[in-house]
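Residue numbering for the sequence shown follows the working numbering, beginning at 5 and increasing consecutively.
Ideal placement from N, C-alpha and C gives every residue a C-beta, glycine not left out.
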Amino acid sequence: MSPVIATFGEVMLRLSAPGFERFLQSPQFVATFGGGEANVAVALAQFGLQSRYITVVPPRNPIAAALLSELRKFGVDVDHVVYRPGRFGVYFLETGSNQRPSKVVYDRDYSAIALTEAGVIDWDEALSDTQWFHITGITPAISQSAASISMEAVQAAKKLGATVSVDLNFRKNLWKWGSQAAEVMPNLLKHADVCIANEEDCQKCLGIDAEIDIESGQLDVEKYRSLAKKVLDAYPKLRQVAITLRESKSASHNTWSACVHDRQRFLLSRRYEITHIVDRVGGGDSFAAGLIYGFLKFQLVQEALEFATAASCLKHSIPGDFVRFGADEVVGLMKEGGSGRVQR
């Protein structure tokens, strides 16, 4: 039996259309499921690992039932999902193209997980036989109680001996309940072994000045080396910091790479030129899942980094939040570079 990797967070109904005012009339209106930690759970299951997803959903709710059915189809263990009063969260995505950026509107007030208080989830049971636990900064951004449960979860995971990874995932439109990300995320990260972030996450969640212009689209690798070291210096219990490097030339054309600092070495991945992006939502989550898979399956940190970067590159070609390819396809991209030729 392979080790269990557990994730905790909110999953939402995702509604996508070319424009907000055209959601109901648009022939391109699409409803799917998505959410940071759920995306990671699905990707890990697709890569062949035992993946468990823990969340809170409303009881006797057909949308929640459809979600759990969907996750089971991907091979995700949802036996530890908790049912509590509240609604099912929604987010609306206006898909961008070329020079027009994508836009997201969150509708999560009074969702079941936002209303649930700490102490409801039996973490000893939910995290039984778990080797790795993953959470993102999206969950504590939902509400004060969700932030308390997030802290409860990482503390329980560490007590049970699991490796803990935290993807900072700063979302400015979510931090509305009183505290700011920089007041909450540092305490969460103190319990982590692996930090996953981009340059904006480090600035907004940790208050660490990256000295990087996040709007320029230009990358200075040495500044990322310095940023990673600053994070490691500030959080001595961290083993690794992984930072994604995205150059946004347009909504349809990005370059994509990443780096890892493990206190001994600063490693940089291959750089991918991604044109004609299908959907970049979930790209960071597929990177996180790829990194977890890589750390568990490969001997070299460089191999883990390359797997994570390649997995995330491939996700940009998949519509919706969820990964729909296996580890073999990721390894193929790592080895062959991805020609895009039809395979017959």
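Contact set for residue i: own chain, Cβ-Cβ below 6 Å, skip 5 residues either direction
i	result
Ala185	Phe174, Trp179, Lys208 and Cys209
Ala293	Val44, Ala47 and Leu48
Tyr239	Leu193
Arg229	Phe270
Val282	Ser321 and Pro323
Leu164	Leu131
Gly100	Ser106 and Ala255
Asp289	Gly40, Asn43 and Val44
Under the three-state DSSP convention, the category residue i falls into
i	result
Arg76	helix
Lys107	strand
Ile146	coil
Thr36	strand
Thr279	strand
Gln54	strand
Tyr354	Because the chain is modelled from 5 through 348, residue 354 falls outside the range shown and cannot be assessed.
Ile67	helix
Thr313	helix
Asp266	coil
Asp81	strand
Leu295	helix
Ser349	Past the boundaries of the shown model lies residue 349; the chain is included only from 5 to 348, so the question cannot be answered.
Leu17	strand
Ser290	helix
Ile322	coil
Val46	helix
Val285	coil
Val327	coil
Expected contact under 8 Å - CB spacing of residue i and residue j to nearest Å
i	j	result
Ala122	Glu156	5 Å
Arg91	Ala116	7 Å
Gly40	Gly13	6 Å
Ala262	Thr313	5 Å
Phe137	Val158	7 Å
Val34	Leu75	Rounded, the Cβ-Cβ distance is 18 Å, inconsistent with contact.
Val305	Leu271	6 Å
His320	Arg284	5 Å
Leu295	Ile200	7 Å
Ile9	Gln54	7 Å
Phe326	Phe78	7 Å
Tyr87	Pro63	4 Å
Ala331	Tyr276	About 18 Å; that fails the 8 Å criterion.
Tyr110	Asn177	6 Å
Ile139	Thr11	7 Å
Cut-off 7 Å between Cβ atoms - residues of its own chain near residue i, not counting five sequence neighbours on either side
i	result
Glu310	Ser273, Arg274 and Met338
Ser152	Ala122
Glu215	Lys227
Phe225	The amino acid at residue 225 is misidentified as Phe; the sequence shows Val. For Val225, where only same-chain residues beyond five positions count, the Cβ hits under 7 Å are Leu272.
Gly182	Gln148
Leu236	Leu242, Val245, His265 and Arg267
Leu162	Just to set this straight, residue 162 is Lys in the shown sequence, not Leu. Val168 and His195, listed in sequence order.
Phe329	Gln50 and Leu318
Nonlocal neighbours in the same chain, by C-beta distance under 8 Å from residue i, ignoring five residues either side
i	result
Ile67	Leu17 and Phe92
Arg269	Val305
Phe302	Ala308 and Phe311
Arg104	Ala255
Cys317	Trp260, Tyr276, Ile278, Leu337 and Gly342
Gln135	Pro7, Val8, Ile9, Ala166, Thr167 and Leu300
Glu333	Leu318
Chain B contact for residue i (CB, 9 Å cutoff)
i	result
Val170	Checking the listed chains, one finds no chain B in this structure; it contains a single protein chain.
**Message:** Closer than 8 Å is the cut-off here; do at least three beta carbon pairs connect the stretch 187–204 with the stretch 164–174?
**Reply:** A contact between stretches requires three or more CB pairs, one per stretch, nearer than 8 Å, and the stretch 187–204 meets this requirement with the stretch 164–174.
**Prompt:** What are the uninterrupted segments assigned as alpha helix (DSSP H) that are 4 or more residues long and contained completely in the stretch 208–261, given in chain order?
**Reply:** 225–238
**Item:** Contained beta strand (DSSP E) runs [length at least 3] in the stretch 122–201, N- to C-terminal order
**Value:** 134–140, 167–171 and 198–201
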